[in-house]
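To start, the structure itself, in structure tokens.
There are 2 protein chains.
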Amino acid sequence: MNNGSTALKIMEVASELIQTHGFHAFSYRDLSDRVGIKTSSIHYHFPTKLDLAKAVIHHYHQAFLDKLDEFSKEETAKKMLQAYTDLFAETFRQGKRICLCVSLASDLNGLPEEIRNEISIFVDAHEIWLASVLKQGIDEGGFRKLENPRQAARNIFYAMEGAMLVARASSVFFPN
Amino acid sequence: MNNGSTALKIMEVASELIQTHGFHAFSYRDLSDRVGIKTSSIHYHFPTKLDLAKAVIHHYHQAFLDKLDEFSKEETAKKMLQAYTDLFAETFRQGKRICLCVSLASDLNGLPEEIRNEISIFVDAHEIWLASVLKQGIDEGGFRKLENPRQAARNIFYAMEGAMLVARASSVFFPN
DNA sequence: GTCTATAAACGGATAGAC
DNA sequence: GTCTATCCGTTTATAGAC
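Chains V and U, in that order, are what the protein sequence lines are.
Residue numbering for the first sequence follows my numbering, starting at 2 and increasing by one per position.
Residue numbering for the second sequence follows my numbering, starting at 2 and increasing by one per position.
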């Protein structure tokens, strides 16, 4: 396992496949086809599928934190929230990709504790950031006062994640 | 494929496994272990895994509609909504089971069109029922007037589905 | 680092006896 | 309706040449 460009490409493709099909629904062969190297070469970079999963979670968790830092540079909490929701919308537009952590959450019961903990931290990071943005917005006066900003943050997060899954399935949004 | 009690037991176990682990994460062998008959006997009832999936969706879609009818007998819209959300909470308490249709929605891209349509109808049924309850609640005066009850119904549904997935992953709800 | 070749286990599925 | 036995493609993973 290393951080060279081949390893990076494998992680990118793996993330896409997890987000569109789920962890249990893609194989090293699928990766091989898309990355353009043999499955054995992928094993060189990521000995087991769980090693790959760990690397993907870690990499995209970091990238996500960087994005949140970027969003935090917006002038108002309202714009920060808009940037956050835009990210979800943009991601979903790419072949109905859902949030990596939620895709993994749906497969959580079949994953080892080690991975579960990483996903848990990833999920919590969303809520913590959202709660801080809500608090800032209330202070700024852009948002109305909330009894429980932390719970409101959770509700926004639930709705974002649920919306993507439902949008994928509902004929209302994607009629044939 | 028939509707005898063995077929029913297989469907129950299959539904549980789909809800807890996902469609791609369980095998006929898993069913065999839990139901107590050989995999070949399961194939007698459901020739292919997709036949099984179709039967499970159909069965639980019907059972769900029956539940909604039951909920609709409550005196007020508020109580109907409470009964609905209680059902989700109760389901989740059973080994972190999530809604069948959302579990399948997360695996949707790897399923054939035939199944996707069934899931889509299942998902839409939630929203339609919720919207009608909201409208009734507004008429009764129990709910405050909403600009767009249909959209509000969707938002409730998104939050319910998202909450279960997030709850499964978040350390806030299930600390180790 | 990537390849060929291959092992070993697992997956869905079928044939045929009882 | 259930069983044993088996087929065959796929999957994860390894050994060893280049």
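Beta carbons are placed, not taken as given, at the ideal position from N, Cα and C, and that holds for glycine.
From a predicted model like this one, the values you see are computed outputs, not experimental measurements.
Its Cα nearest to that of G96/U, the residue L18/U stands out among V124/U, L18/U, L32/U. Close partners of V124/V in chain U (Cβ separation under 7 Å): V167, A170, S171.
Here the alpha carbons of G142/U and S16/V stand approximately 47 Å from one another. By the 16-neighbour rule on beta-carbons within 10 angstroms, T49/V is exposed.
Inclusion of C100/V and E162/V in the CB contact set at 8 Å is warranted, their separation being smaller than that value. With contact defined as three or more Cβ pairs closer than 8 Å, the region 147 to 162 of chain U and the region 122 to 134 of chain U are in contact.
Taken in chain order, the members of the region 141 to 169 of chain U whose beta-carbon sits within less than 8 Å of a beta-carbon on chain V are R155, N156, F158, Y159, A160, M161, E162, G163, A164, L166, V167, R169. Take F72/V, set aside five residues on each side of it, and the residues of its chain with a beta-carbon closer than 7 Å to its own are M81, A84, Y85, in chain order. Here D52/U carries a helix assignment [DSSP, helix/strand/coil].
Using a CB distance below 9 Å, the part of the region 90 to 117 of chain U facing chain V consists of G96, K97, I99, C102, V103, S104, L105, A106, S107, D108, L109, N110, G111, E114, R117, ordered along the chain. With at least 16 other beta carbons inside 10 angstroms of its own, A56/V counts as buried. Within the same chain, and ignoring the five residues on either side of K146/V in sequence, the residues whose Cβ sits closer than 7 Å to its Cβ are I139. Taking 8 Å as the cut-off, the beta carbon of T7/V is found closer than this to the beta carbon of I38/V. For S121/U, the number of other beta carbons within 10 angstroms of its own is at least 16, and it is reported as buried.
Between D108/U and F24/U, the CB-CB gap stays under 8 Å. By the neighbour-count criterion, in which a residue is buried when 16 or more other Cβ atoms sit within 10 angstroms of its Cβ, Q20/V is buried. The closest CA to that of G5/U, considering only L66/U, A90/U, Y45/U, R94/U, is found on Y45/U. Boundaries of the alpha helix (DSSP H) around R30/V: 29 to 36. Collapsing the DSSP output to three states places P150/U in a helix. The beta carbon of L32/U sits closer than 8 Å to the beta carbons of I11, V14, A15, L18, T40, I43 from its chain, once the five residues preceding and following it are set aside; these are given in chain order.
Sixteen is the threshold: when 16 or more other Cβ atoms of the shown chains lie within 10 Å of the Cβ of R117/U, as they do, the residue is buried. Across the structure, D70/U and Q63/U are spaced so that their CA atoms are roughly 11 Å apart. Of the residues K136/V, L66/V, P113/V, A170/V, the one whose Cα lies closest to the Cα of T77/V is K136/V.
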